[in-house]
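*Asks:* In case it helps, full-length UniProt numbering puts the sequence shown at residues 1 to 384.
Structure in C-alpha cells, see below.
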Amino acid sequence: MSNYIIDIPENYYISEYSHHWMVQISIDKKPKTKNFSFRKYGSKKEALKKAISYRDKLVKDNNIDLKKRFKKSKIPGINRTVATRRNGVKVAYWQAIWTENGKQRTKRFSTKTYGENEAKELAIKHREKIIKLLDDSGQTLFEKPDSNTKIWRYMDFTKFVYMLEKGGLFFPNVECFKDPYEGSYSRGNFKMRSFVFSRSKGENKLQEQIEEIKELRPFININCWHMNDFESAGMWKLYSQTNESICIQTTFGKLEKSLPERIKFGKVKYINYDKDWIPESDNYYPFIYKRLSFEHERELRAIFDSSEENFEKTFEKTENGYWINLNLITLVQKIYVSPEADDWFVELVEKVKNKYNLNYKKVYKSPLNNEPNLNKIKTGHNIV
1 MSNYIIDIPE NYYISEYSHH WMVQISIDKK PKTKNFSFRK YGSKKEALKK AISYRDKLVK
61 DNNIDLKKRF KKSKIPGINR TVATRRNGVK VAYWQAIWTE NGKQRTKRFS TKTYGENEAK
121 ELAIKHREKI IKLLDDSGQT LFEKPDSNTK IWRYMDFTKF VYMLEKGGLF FPNVECFKDP
181 YEGSYSRGNF KMRSFVFSRS KGENKLQEQI EEIKELRPFI NINCWHMNDF ESAGMWKLYS
241 QTNESICIQT TFGKLEKSLP ERIKFGKVKY INYDKDWIPE SDNYYPFIYK RLSFEHEREL
301 RAIFDSSEEN FEKTFEKTEN GYWINLNLIT LVQKIYVSPE ADDWFVELVE KVKNKYNLNY
361 KKVYKSPLNN EPNLNKIKTG HNIV
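Structure representation (C-alpha cells):
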C-alpha cells in the first residue's frame, strides 16, 4: 500500500459484498464507484489488491487528502454519539449507520456497557456483517425469520443416524437439487428487460449474469428447513419415504448460533416465474426464489458459498457437498417420529439418540394420526 496512507485501514473506502469488493469514494462531491469481482481476479484476496490499487490511484490523481478525511470521519458509517436520557444522564455510544431498503438504520453500542474500544469494535463488526447481507442497491438480500421461529427438518432414519454419526448438518450442492428452475432467472426477467432496454442490450446483460450464475452453481451448497409453528402432514409425506422417518425441531436462533458466521440465511420467496421479476443486483438472488408450486414448503435456506476462502476446520468436503460440524445437543430441541411409525421404532430412535449423547432430548411420536378425542390427546402435543 502507498506510503501516503500509512496508518489508515487497508480497506478504507472499500466495502465487501457477497462476490466482490466495491470502491466508493467521493470526488468533487460526486460518488466514484467500481466493483472488483472475486471470481474475475481469481480470489477474494487478489480482488482486494486490485481494489486497493484502484483506490490509491484515485486518491493520488485527484490530490485527495485521505489522512484528513480519515481523521475527520475515521471509518465510514461509524461514529460516536452522546444521548441524554429522560433522567438527564448523558450516555455515550458508538453506532453503526447503514442504508437498508431505502431507509437509514442505526445500531448503538454503549461505552458504559462495553467500554470505549469494545463498543467501537462491535459497531464496526455489526456494520460489516449487515453490509454483507445487502445487495449493491442496499436492498435486503437475505431475509431472516425471527430468532424464535420454529423450524423443522424431515428425513428418513438412515439420514438421521448419519447426521448423528457425522455430528453436523449436510449442505448438498445445488447441482443435486431436482427442481430444474433452481438457481435460474424467471421469464419475467427476460420480458422486463426486453421492455425496458433495447432487446439486444437487455438480453445480452441478462445472459452475462446467467453465465456468471452457471459458474457459481458448483460452489453453492444449501441446507433446507421448514418454517412452521406446527408439524406438517404434507412435509411428512413429501420428505419421508418410509414409515420409519424422523423430524428434528429447533428454532432459527439456535440454528444461526450453531453455524459459522460465513453461512447466509434467507427465507425463500415464491413467485410466478412466467411474469414476476427476480432482482438482478446480486447473483445469490436466483437461489432464494422458487416457483409458487413450492409455496407449501415455507422454506428457510442456510447457504454456504464454497468459492470463499479459508474454511473453518469444521467443514468437510464430500462429492456432493459439505458437512459442517456443530453441537447437535445445542441445536436439536425435539425429535419426532412419523405418525405412521410403530412403537418399536420409537424405542429404537430413543436408544440411538442416547448413544450419541442426546439423552435429554425427548422423542415424540407425531400426534397427527391421533383420534379426535380430547381425552386421549397427550399434554404438550399440538393439534393441527
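Don't be surprised by glycine CBs; every beta carbon is placed ideally from N, CA and C.
(1) Kindly indicate which three-state DSSP category Ser37 falls into: helix, strand or coil?
(2) Identify, in the order they occur along the chain, each residue of the same chain with its Cβ nearer than 6 Å to the Cβ of Ser200, setting aside the five sequence neighbours on each side.
(3) Please report the Cβ distance between Trp323 and Phe170, rounded to the nearest whole angstrom; I am assuming they are in contact, meaning their Cβ atoms lie under 8 Å.
(4) Over the uninterrupted beta strand (DSSP E) stretch that includes Leu133, give me the two end residues.
(5) Which class does Pro339 belong to by DSSP, given the choice of helix, strand or coil?
(6) Pro31: buried (16+ other C-beta within 10 angstroms of its C-beta) or exposed?
(7) Rounded to whole angstroms, what's the CA-CA distance from Val59 to Ile288? Just pull it up for me.
(8) What does Trp236 pair with, by DSSP beta-bridge criteria?
(9) Taking the straight line between their C-alpha atoms, what separation do you get for Ser198 and Phe190?
(10) Please report the Cβ distance between Asn320 and Pro172, rounded to the nearest whole angstrom; I am assuming they are in contact, meaning their Cβ atoms lie under 8 Å.
(11) When burial is assigned at 16 or more other CB atoms within 10 Å of the CB, is Asp274 buried or exposed?
(12) Count Cβ pairs between the stretch 226–237 and the stretch 143–157 that sit closer than 8 Å; are there 3 or more?
(13) Whole angstroms is fine: what's the gap from Ile124's alpha carbon to Ile78's?
(14) Have a look at Lys90, Leu134, Glu121 and Lys269 and flag the residue whose alpha-carbon is nearest the alpha-carbon of Trp98.
(15) If distances are taken between C-alpha atoms only, which option among Tyr284, Ile271 and Tyr285 comes closest to residue 421?
(16) Could you check what DSSP says for Ser200 in three-state terms: helix, strand or coil?
(17) I'd like the span of the beta strand (DSSP E) that includes Ile78, first residue to last.
(18) Around the C-beta of Glu140, are 16 or more other C-beta atoms found within 10 angstroms, so that it is buried, or is it exposed?
(19) Label Gln207 either buried or exposed according to how many other C-beta atoms from any shown protein chain fall within 10 Å of its C-beta, with 16 as the threshold for buried.
(20) Going by Cα to Cα distance, which pick from Pro279, Leu259 and Thr111 is closest to Arg301?
(21) I need the DSSP call for Gln24, collapsed to helix, strand or coil.
(22) Please determine, among Arg39, Phe265 and Glu143, the residue with the shortest C-alpha to C-alpha distance to Ile213.
(23) Looking only at its chain, what residues have a beta carbon closer than 8 Å to the beta carbon of Arg127, apart from the 5 residues adjacent to it on each side?
(24) How far does the beta strand (DSSP E) with Leu300 in it reach, from first residue to last?
(25) In the DSSP assignment, find the alpha helix (DSSP H) that holds Thr330 and state where it starts and stops.
(26) Roughly how many angstroms lie between the CA atoms of Leu216 and Trp344, to the nearest whole one?
(27) Is it right to say Ile303 is buried, meaning 16 or more other beta carbons lie within 10 angstroms of its own, or is it exposed?
(28) Output yes or no for whether 8 Å exceeds the beta carbon distance between Leu331 and Gly167.
(29) What are the partner residues of Lys150, as DSSP defines its beta bridges?
(30) Under DSSP, the beta strand (DSSP E) around Ile324 begins and ends at which residues?
(31) What's the gap between the Cα of Asn62 and the Cα of Lys178?
(32) Around the Cβ of Tyr162, are there at least 16 other Cβ atoms within 10 angstroms (buried) or fewer (exposed)?
(33) Can you pull the DSSP bridge partners for Gln241?
(34) If you measure between the beta carbons of Glu182 and Pro218, is that distance less than 8 Å?
(35) Please report the Cβ distance between Pro286 and Ser184, rounded to the nearest whole angstrom; I am assuming they are in contact, meaning their Cβ atoms lie under 8 Å.
(36) What's the call for Phe109, buried or exposed, on a 16-neighbour Cβ count within 10 Å?
*Replies:* In short, the structure shows the following:
(1) Position 37 of the sequence shown, counting from 1, holds the residue named residue 37. Here Ser37 sits in strand by DSSP.
(2) Residue numbering aside, residue 200 sits at position 200 when the sequence shown is read from its first letter. Its pLDDT being 47, under 50, Ser200 is placed unreliably in this model, and the value from its coordinates should be taken loosely. Nothing meets the Cβ criterion.
(3) The count along the sequence shown starts at 1 and reaches residue 323 at position 323. The count along the sequence shown starts at 1 and reaches residue 170 at position 170. Cβ atoms of Trp323 and Phe170 come within 8 Å of each other, at about 6 Å.
(4) Here the question's residue 133 lines up with position 133 in the sequence shown. The continuous stretches of beta strand (DSSP E) do not include Leu133, and DSSP gives it neither H nor E.
(5) By one-based count along the sequence shown, residue 339 stands at place 339. In this structure, DSSP gives Pro339 a state outside helix and strand, which the three-state scheme calls coil.
(6) Sequence index remark: in the sequence shown, residue 31 carries index 31 (1-based). Note on Pro31: under 16 other CB atoms within 10 angstroms of its CB, so exposed under the neighbour-count rule.
(7) Sequence index remark: in the sequence shown, residue 59 carries index 59 (1-based). Sequence index remark: in the sequence shown, residue 288 carries index 288 (1-based). Straight-line Cα distance between these residues: approximately 38 Å.
(8) Translated into the one-based positions of the sequence shown, residue 236 becomes position 236. Bridge partners of Trp236: none, in fact.
(9) Sequence index remark: in the sequence shown, residue 198 carries index 198 (1-based). Sequence index remark: in the sequence shown, residue 190 carries index 190 (1-based). Interpretation of Ser198 is limited by its pLDDT of 49, a score under 50 that renders its predicted location unreliable; the figure taken from the coordinates is listed afterwards. Between the alpha carbons of Ser198 and Phe190 lies a gap of roughly 12 Å.
(10) Indexing the sequence shown from 1 puts residue 320 at position 320. Indexing the sequence shown from 1 puts residue 172 at position 172. Confirmed, Cβ separation roughly 6 Å.
(11) Mapped onto the sequence shown, residue 274 falls at position 274. So Asp274 counts as exposed.
(12) Judged by Cβ distances under 8 Å, the stretch 226–237 makes contact with the stretch 143–157, as three or more pairs qualify.
(13) Residue numbering aside, residue 124 sits at position 124 when the sequence shown is read from its first letter. Residue numbering aside, residue 78 sits at position 78 when the sequence shown is read from its first letter. Spanning the two alpha carbons is a distance of roughly 7 Å.
(14) Taking the sequence shown and counting its residues from 1, the one referred to as residue 98 is at position 98. For Trp98, the closest alpha carbon among the candidates Lys90, Leu134, Glu121 and Lys269 is that of Leu134.
(15) This structure cannot speak to residue 421, because the chain is shown only from 1 to 384.
(16) Position 200 of the sequence shown, counting from 1, holds the residue named residue 200. Confidence at Ser200 is low in this model, with a pLDDT of 47, below 50, so the placement of that residue should be treated as unreliable; the coordinate-derived value is given next. In this structure, Ser200 counts as helix in the three-state DSSP scheme.
(17) Counting from one through the sequence shown, the residue named residue 78 turns up at place 78. Ile78 -> beta strand (DSSP E) spans Ile78 to Thr84.
(18) The residue you call residue 140 lines up with position 140 of the sequence shown. With the sequence shown as reference, residue 140 is identified as Thr, and Glu is not the correct amino acid for it. Residue environment: Thr140 is assigned as exposed (fewer than 16 neighbouring CB atoms within 10 Å of its CB, all protein chains considered).
(19) Translated into positions along the sequence shown, residue 207 becomes position 207. Exposed.
(20) In the sequence shown, residue 301 corresponds to position 301, counting from 1. Of the listed residues, the one whose Cα sits closest to Arg301 is Leu259.
(21) Residue mapping note: residue 24 aligns to position 24 of the sequence shown, counting from 1. Note: Gln24 maps to strand in three-state DSSP.
(22) Position 213 of the sequence shown, counted from the first residue, corresponds to residue 213. Ranked by Cα distance from Ile213, the first of Arg39, Phe265 and Glu143 is Arg39.
(23) Position 127 of the sequence shown, counting from 1, holds the residue named residue 127. Here the set comprises Gly77, Ile78, Ala96, Ile97, Trp98 and Lys107.
(24) Residue numbering aside, residue 300 sits at position 300 when the sequence shown is read from its first letter. Segment Glu299 to Asp305, the beta strand (DSSP E) holding Leu300.
(25) Sequence index remark: in the sequence shown, residue 330 carries index 330 (1-based). For Thr330, the enclosing alpha helix (DSSP H) has its first and last residue at Leu328 to Leu331.
(26) Along the sequence shown, one-based indexing puts residue 216 at 216. Along the sequence shown, one-based indexing puts residue 344 at 344. Cα-Cα distance, rounded: 45 Å.
(27) Numbered from its first residue, the sequence shown carries residue 303 at position 303. By the neighbour-count criterion, in which a residue is buried when 16 or more other Cβ atoms sit within 10 angstroms of its Cβ, Ile303 is buried.
(28) Residue mapping note: residue 331 aligns to position 331 of the sequence shown, counting from 1. Residue mapping note: residue 167 aligns to position 167 of the sequence shown, counting from 1. Cβ atoms of Leu331 and Gly167: not closer than 8 Å.
(29) To locate residue 150, count along the sequence shown from 1; it is residue 150. Thr251.
(30) Residue numbering aside, residue 324 sits at position 324 when the sequence shown is read from its first letter. Judged by DSSP secondary structure, Ile324 falls within the beta strand (DSSP E) whose first and last residues are Gly321 to Asn325.
(31) Here the question's residue 62 lines up with position 62 in the sequence shown. Here the question's residue 178 lines up with position 178 in the sequence shown. Each residue's alpha carbon lies about 53 Å from the other.
(32) Within the sequence shown, residue 162 is the residue found at index 162, counting from 1. So Tyr162 counts as exposed.
(33) Residue 241 sits at position 241 when you count from the first residue of the sequence shown. DSSP output for Gln241 lists no bridge partner at all.
(34) The residue labelled residue 182 in the question sits at position 182 within the sequence shown. The residue labelled residue 218 in the question sits at position 218 within the sequence shown. In this structure, Pro218 does not lie closer than 8 Å to Glu182 by Cβ.
(35) Looking up residue 286 in the sequence shown gives position 286. Looking up residue 184 in the sequence shown gives position 184. The pair is a contact, with the Cβ atoms about 6 Å apart (cut-off 8 Å).
(36) Along the sequence shown, read from residue 1 onward, the residue named residue 109 stands at position 109. Buried, because 16 or more other Cβ atoms sit within 10 Å of the Cβ of Phe109.
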